[in-house]
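Numbering of the sequence shown is given in UniProt numbering, commencing with residue 1 and proceeding in unit increments.
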Amino acid sequence: MSRGRPGPRATLSAVVSGVRSGLSGRDLALISAGLTFYAGIAIVPLMVLAFALTSWLTSADRVRELGNRLADLLPGELGAPAAVERLVEAGVGLDVLGALLALLPMSFYGEGLRRALLRFSSRDEGMTGWRGRLAALPLILLSPVLLYPLLLAASAMAGLAERGGAAATAGQVAVGFYSVLAALTLPLAWGFRVVAGGRVGRRALAAGALFTAACLSGFLQGFVLFLSLPLDLGAPFGGLDVVGGVVALGLWLFLLHLVVITGWLATRALDDVLAGPPDVRGEAAG
Numbered sequence: 001m002s003r004g005r006p007g008p009r010a011t012l013s014a015v016v017s018g019v020r021s022g023l024s025g026r027d028l029a030l031i032s033a034g035l036t037f038y039a040g041i042a043i044v045p046l047m048v049l050a051f052a053l054t055s056w057l058t059s060a061d062r063v064r065e066l067g068n069r070l071a072d073l074l075p076g077e078l079g080a081p082a083a084v085e086r087l088v089e090a091g092v093g094l095d096v097l098g099a100l101l102a103l104l105p106m107s108f109y110g111e112g113l114r115r116a117l118l119r120f121s122s123r124d125e126g127m128t129g130w131r132g133r134l135a136a137l138p139l140i141l142l143s144p145v146l147l148y149p150l151l152l153a154a155s156a157m158a159g160l161a162e163r164g165g166a167a168a169t170a171g172q173v174a175v176g177f178y179s180v181l182a183a184l185t186l187p188l189a190w191g192f193r194v195v196a197g198g199r200v201g202r203r204a205l206a207a208g209a210l211f212t213a214a215c216l217s218g219f220l221q222g223f224v225l226f227l228s229l230p231l232d233l234g235a236p237f238g239g240l241d242v243v244g245g246v247v248a249l250g251l252w253l254f255l256l257h258l259v260v261i262t263g264w265l266a267t268r269a270l271d272d273v274l275a276g277p278p279d280v281r282g283e284a285a286g
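Next comes the structure, spelled out in structure tokens:
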């Protein structure tokens, strides 16, 4: 009997089978909705803290300049540029006390992620919320290292947009896709291994985090396209645009978390394939 590693086709088949098995008997939509609730609490404090730490490491003027370039890049139909400008101003104006206060709601995302991913495990643990929150806190220290290159990439994309033409447009898409992919890979790897509390091997973790980051990067390109649509978001809510905007953002976050959870399941399934006994691998290769 062959004891070689499974080929790409057998590996893919095993991963897909593992994802299906993980989803069996579980309500993915409900779990994603729960994680979206935690994200709704955490997203604004997280962004404000990220801008604040970046301004402390560089300068407030530099962050304002790059933030304005990012705002110029986004479509204005649904008010995205103004929202970015307000986030930047809130971040650069944040003091130490405000930063400490923001840590609590920001850490709720770690709790939500741990609770969500534990639904796909038979493991039982105590103090899940605090474990998730504490595990997520170190990521905020990395936020300037991740955000500043993204702001530089956004500035480069804004320059390409000003030039115009097919080549510049293709360059925008490429810079946007790969910069977001690079920025998301490390946080996803941390989330899958540390926040989730799973024992995932390094090879599977690297492949799974890169794959999920690529999917999310493409997803966010679609979100930017959505922002350019001339939609009346308040129409289904009696003309209340604020309510429509919040609901639309919540829906996009919900879809994003479907991708994150599926990426986690694929990562875990790949780890099971790579860590399987030699005879099982040989059978898969055959």
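Even glycine gets a Cβ: it sits at the ideal position worked out from N, Cα and C.
Item                                                                                                                                                                              : Value
CA-CA distance, R3 and T11?                                                                                                                                                       : Because R3 sits at a pLDDT of 49, beneath the cut-off of 50, its placement in the model cannot be relied upon, and the point is left open.
So, are the CB atoms of V175 and A153 less than 8 Å apart?                                                                                                                        : yes
Do you know whose CA, among P75, F226 and I31, lies nearest F120's CA?                                                                                                            : I31
Could you name the residues of the same chain whose beta carbon sits closer than 7 Å to that of P45, not counting the 5 residues immediately before and after it, in chain order? : A102, P105 and M106
Using a Cβ-Cβ cutoff of less than 6 Å, which residues in the same chain neighbour L146 once the five nearest sequence positions on both sides are dropped?                        : A183
Considering only residues of the same chain and omitting the five flanking positions on each side of Y148, which have a CB-CB separation below 6 Å?                               : T54
Comparing alpha-carbon positions, which option in G40, S21, S13 and P8 lies nearest F254?                                                                                         : G40
Kindly give me the distance between the Cβ atoms of residue 293 and V259, rounded to whole angstroms, as I take these residues to be in contact under 8 Å.                        : Here the chain comprises residues numbered 1 to 286, so residue 293 is not present and cannot be evaluated.
Please identify the residue among T267, L256, G276 and A204 whose C-alpha is closest to the C-alpha of L35.                                                                       : L256
Whose C-beta lies closer than 7 Å to the C-beta of A33 among residues of the same chain, with five residues either side of it excluded?                                           : F254
Please report the residue range of the alpha helix (DSSP H) in which E111 lies.                                                                                                   : V96 to L118
Tell me whether the stretch 192–199 and the stretch 113–131 touch, counting them as touching only if at least three CB pairs, one residue from each stretch, are closer than 8 Å. : yes
When the Cα atoms are used, what is the spatial distance from A168 to I261?                                                                                                       : 34 Å
Which residue comes first and which comes last in the alpha helix (DSSP H) that contains T58?                                                                                     : Note, T58: premise wrong, no alpha helix (DSSP H); not H, not E.
Since G208 and A266 are thought to touch, with beta carbons under 8 Å apart, how far apart are those beta carbons, to the nearest angstrom?                                       : 6 Å
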